[in-house]
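Colleague:
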Amino acid sequence: MNNIGDIVTPIKIYYLINSNNSNINLALTTNQKSTGTLNIENIQKVSNNDVYLCIDMRTHLIEGLNSSFQKNGTLYNKFITSGDFFDLPLGKSTLTSNVAWNSIKFNYLYY
């Protein structure tokens, strides 16, 4: 990942909710140094309408989304076991996850 903006930026990471994704472990490294981790474990659907999870680093919420990626009003923060929400620093970084994500979204922020 490469943040070419002027300031750090929050990211959103989207995951499909299924039995293979009951644990999500995220790690961000910059210049071979750990700059952020977030571990979410024993995830179970809060609502049957939830198809995706959105990890929103700006709002510090993990939200359930329907099949159209619309918010359902369900929260999954109670499944966080360690780590914290983090922003994407300037320059090149590596984001790793033990589970494949559907998509990642972030904006390049400028002054």
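Residues in the sequence shown are numbered consecutively from 27, following our numbering. Idealized CB from N, CA, C, for every residue including glycine.
1) Alpha carbons only, please: which of Leu114, Asn75 and Met83 is nearest the one belonging to Gln96?
2) CB Ile81 to CB Ile43, shorter than 9 Å?
3) For Ile66 versus Thr107, is the C-beta spacing smaller than 9 Å?
4) Can you give me the start and stop residues for the beta strand (DSSP E) that Thr107 sits inside?
5) In whole angstroms, give me the CA-to-CA distance for Glu89 and Asn133.
6) If contacts are defined as beta-carbon pairs under 8 Å, then Thr120 and Thr63 qualify, I think. What distance do you get, rounded to the angstrom?
7) So Asp82 is in the beta strand (DSSP E); what residue range does that whole segment cover?
8) Starting from Asn92, trace the beta strand (DSSP E) both ways and give me its first and last residue.
Modeller: Quick look at the numbers:
1) Out of Leu114, Asn75 and Met83, Asn75 has the C-alpha closest to the C-alpha of Gln96.
2) No, these two residues do not count as a Cβ contact at 9 Å.
3) Taking 9 Å as the Cβ cut-off, Ile66 and Thr107 qualify as a contacting pair.
4) It spans Ile106 to Gly109 - the beta strand (DSSP E) in which Thr107 sits, taken as one unbroken run.
5) In this structure, the CA atom of Glu89 is about 20 Å from the CA atom of Asn133.
6) Not a contact, Cβ separation roughly 13 Å.
7) Note, Asp82: beta strand (DSSP E), Tyr78 to Asp82.
8) Per DSSP, Asn92 belongs to no beta strand (DSSP E) and is neither H nor E.
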